[in-house]
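Comments concern the structure below.
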Amino acid sequence: MSNATILIGIIYISSYYFYLHQQNTHLLDLKKEIAEKYNKLYLKYFRAKANMFEYVIHHEKNKIIHLTNELKIDMDKQWFSLTYLYHYLSFKEDILGELCIFTTIIVYYILNGTSTFIIPLYHHLTKLTYTMHSILMSYIRWIRLKKDYDLVKPILEEYDERINVEQIDLQYEFQIEDLSFKYKGKREEFHLQYNGCLNFKIGESILITGKSGAGKSTFYDIINGSIPVSDYSAKIRMDNNHKSITTTVHSIEKCRTMVLQDSNMDYRSSIYSMITDIDQDDLKQKRTPEIDSLVWEVIRLVQIDEFIQNELKNDLDQPMENKLSGGQKTRLLLARALYRAHRRCSSLLILDEPDKGLPAETTVTIINNIIKWYRSKGILFLTLHTEQAHLLNFDQILHIDKGTITKIK
């Protein structure tokens with residue numbers, strides 16, 4: 001009996017080893033290919049995660065959920081083939097193992113005449129093993145679902161107030177009356193205030209000036225809704241179909257675009273992908289002549305068309321691989337903002353220091369281009385480093401000094 005058992009064991013091990021060796025190369029090649037795709041997907045969604053706050057302040061709840069779901073589906077899709085092959089191999093191994101064990105039981109019974117209770121015992125043990133495996137797989141699926149839920153839940157809860165507010169179209173004017181915001185800083189209390197009514201109309205460009213720490217970014221944080229409406233006092237009015245209604249800044253998030261100072265971009269990708277946020281792998285499905293035309297329009301506005309024509313031979317799909325200068329990166333960030341503003345039909349555009357790293361002469365040209373381009377679209381707020389650009393024809397100029405807002409023009 002022992003010799004027969006050993007022989008069966010040798011046959012089982014040899015058969016399994018031969019089959020595994022045969023499949024090993026194919027599985028490793030497939031795993032390497034999928035790992036490369038996985039890394040590309042990871043980088044894509046890492047960029048999306050880095051921009052998550054921008055999705056929130058622009059009232060793009062659905063984009064947050066869509067990106068999370070798309071990530072799960074894409075990752076599962078990439079690993080499905082590999083998982084299937086592993087499971088299929090495991091299934092064949094189990095079948096071979098079960099046959100060997102069953103044969104061993106039969107041989108043992110024939111040689112020793114042992115009672116047939118061994119067969120039902122084996123059956124129940126196999127069933128128990130299968131049940132435990134099913135429980136384990138269910139637990140793993142639950143863990144995955146919980147991770148998906150935990151990823152989205154804090155974002156939606158933290159911004160629940162702004163996500164659920166009714167959105168309106170800003171068509172005529174935007175007013176802030178008797179603004180007052182206080183908070184305790186590291187050394188002293190900061191107070192941002194304006195007594196009176198600030199009235200901003202569609203077609204106007206507004207320059208915000210002031211030293212670093214004076215309150216310019218805080219003013220923008222109120223306009224973009226980063227600071228909750230419960231933390232400051234002010235009367236906010238929007239004009240919707242020429243009927244003045246009292247509302248909050250959260251009501252215009254769908255028609256407002258803001259460029260954050262710490263906005264980031266994947267500078268290794270192509271110019272086209274940087275501006276449009278369309279991943280290189282999705283260009284065939286999502287690219288249209290309308291988008292192409294808009295991309296070239298914003299490229300010319302930010303004065304980077306000459307570089308693309310001379311250095312890239314008009315090839316917008318060429319990967320940059322971090323070959324861009326600091327000034328070129330700044331212009332592309334600005335181009336992406338203008339692209340988004342146009343695509344979202346934004347009637348309120350906030351550009352907080354978009355001229356970092358740009359020469360003065362270039363800044364003046366670019367900002368003048370943007371003022372003219374956006375005049376027919378909405379209200380433009382600007383904060384600029386370049387002193388020469390302050391001399392451009394702005395409709396209003398607000399100066400902020402230690403939290404006090406003064407209307408200069």
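At position 64 of the sequence shown (counting the first as 1) the number is 64 in UniProt numbering, and the numbers step up by one without a gap.
Glycine is no exception: its CB is placed at the ideal position from the N, C-alpha and C atoms.
Exposure of residue i, with buried meaning 16 or more beta-carbon neighbours within 10 Å
i	result
residue 374	buried
residue 235	exposed
residue 204	buried
residue 394	buried
residue 406	exposed
residue 183	exposed
residue 391	exposed
residue 337	buried
residue 378	buried
residue 330	buried
residue 288	exposed
residue 246	Note that residue 246 scores a pLDDT of 49, beneath 50, so its modelled location is shaky; the value from the coordinates is reported in the next line. Label assigned to residue 246: exposed.
residue 487	Residue numbering for the chain in the displayed model covers 1 to 409; residue 487 lies beyond these limits and cannot be assessed.
residue 242	Its pLDDT being 45, under 50, residue 242 is placed unreliably in this model, and the value from its coordinates should be taken loosely. Exposed.
residue 304	buried
residue 196	exposed
residue 282	exposed
residue 216	buried
residue 317	exposed
Residue interval of the beta strand (DSSP E) (run including residue i)
i	result
residue 201	189-201
residue 259	256-259
residue 175	173-184
residue 407	404-407
residue 208	205-209
Option nearest residue i by Cα separation, candidates the options
i	options	result
residue 237	320, 170, 331 and 324	170
residue 297	326, 277, 335 and 284	335
residue 366	225, 193, 409 and 382	382
residue 399	190, 189, 194 and 342	194
residue 404	167, 32 and 190	190
residue 324	200, 249, 258 and 267	267
residue 231	216, 239 and 249	249
residue 229	317, 198 and 181	181
residue 188	402, 409 and 224	402
residue 384	357, 376 and 372	357
residue 326	354, 340, 197 and 222	354
residue 306	328, 389 and 409	328
residue 372	317, 302 and 386	302
residue 167	192, 217, 221 and 256	256
residue 322	285, 370 and 265	265
residue 202	239, 32, 342 and 339	239
residue 291	340, 309, 369 and 319	340
residue 294	276, 304 and 219	276
residue 386	218, 368, 223 and 299	368
residue 376	221, 207, 342 and 282	342
residue 258	220, 283 and 389	220
residue 370	200, 207, 192 and 280	207
residue 279	319, 389 and 333	319
residue 413	286, 282, 179 and 388	Residue 413 is absent from the model: the chain starts at 1 and stops at 409.
residue 350	32, 200 and 33	200
residue 408	192, 33, 198 and 32	198
residue 299	333, 285, 286 and 284	333
Residue i - containing alpha helix (DSSP H), residue span
i	result
residue 396	Premise fails: residue 396 lies in the beta strand (DSSP E), 396-401, not in any alpha helix (DSSP H).
residue 271	271-276
residue 310	305-311
residue 168	Unbroken run through residue 168: none, as it is neither H nor E.
residue 285	283-286
residue 292	289-301
9 Å Cβ cutoff, residue i in contact with chain D
i	result
residue 272	This model lacks chain D altogether, as it is built from one protein chain only.
Heavy atom of the ligand ATP within 8 Å of residue i beta-carbon
i	result
residue 317	With respect to the ligand ATP, the structure shown offers nothing to examine, as it has no ligands at all.
Exercise. May I ask you to verify whether the stretch 358-365 touches the stretch 170-186, counting CB pairs closer than 8 Å and requiring at least 3?
Key: no
Practice problem: Give a yes or no on contact between the stretch 205-222 and the stretch 265-278, applying the rule of three or more CB pairs nearer than 8 Å. | Solution: no
Quiz item: Residue ranges of each alpha helix (DSSP H) run of no fewer than 4 residues wholly in the stretch 329-395, ordered along the chain?
Solution: 360-374
Exercise. Write down every uninterrupted run of the alpha helix (DSSP H) in the stretch 210-241 whose length is 4 residues or greater and which is fully enclosed by it, in chain order.
Key: 216-223
Quiz item: Would you call the stretch 306-326 and the stretch 340-355 in contact, with 3 or more CB pairs under 8 Å?
Solution: no
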